[in-house]
Amino acid sequence: MQVRIGDLVDTLGRFGDVGALTFQEEAATRRTFGSYPPLTTRRADDLGFQHDGSLTQLVETVLADL
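Sequence positions in the sequence shown follow the working numbering and run 1 to 66.
In structure tokens form, the structure reads like this:
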């Protein structure tokens with residue numbers, strides 16, 4: 001699963017107030033990390049690990065453990 005920070009903030013906003021949460025893209029960070037290839041999880045997949053399936057489900061899972 002690939003997640004953009006803006007999408008994460010939007011999803012978190014469906015579960016609570018994110019008014020105090022701010023972020024701003026930085027060109028240097030984007031140049032550095034934006035050039036990386038997507039991460040692969042072949043070994044984790046082989047071991048039976050699975051992602052949550054959707055960003056909403058990921059947020060629900062994390063919030064349930066808080």
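Think of the CB as a built atom: it goes at the ideal place given N, C-alpha and C, for glycine as much as any other residue.
Can you tell me whether residue i is buried or exposed, with buried defined as 16 or more other CB within 10 angstroms of its CB?
{"i": "V59", "result": "buried"}
Look up residue i in the DSSP assignment and say whether it is helix, strand or coil.
{"i": "L66", "result": "coil"}
{"i": "V9", "result": "helix"}
In angstroms with no decimal places, state the Cα-to-Cα distance between residue i and residue j.
{"i": "G6", "j": "V18", "result": "12 Å"}
{"i": "G53", "j": "A28", "result": "30 Å"}
{"i": "F49", "j": "T61", "result": "15 Å"}
So which of the options has the shortest CA-CA distance to residue i?
{"i": "A20", "options": "Q50, T40, L12", "result": "L12"}
{"i": "M1", "options": "Q24, R42, G16", "result": "R42"}
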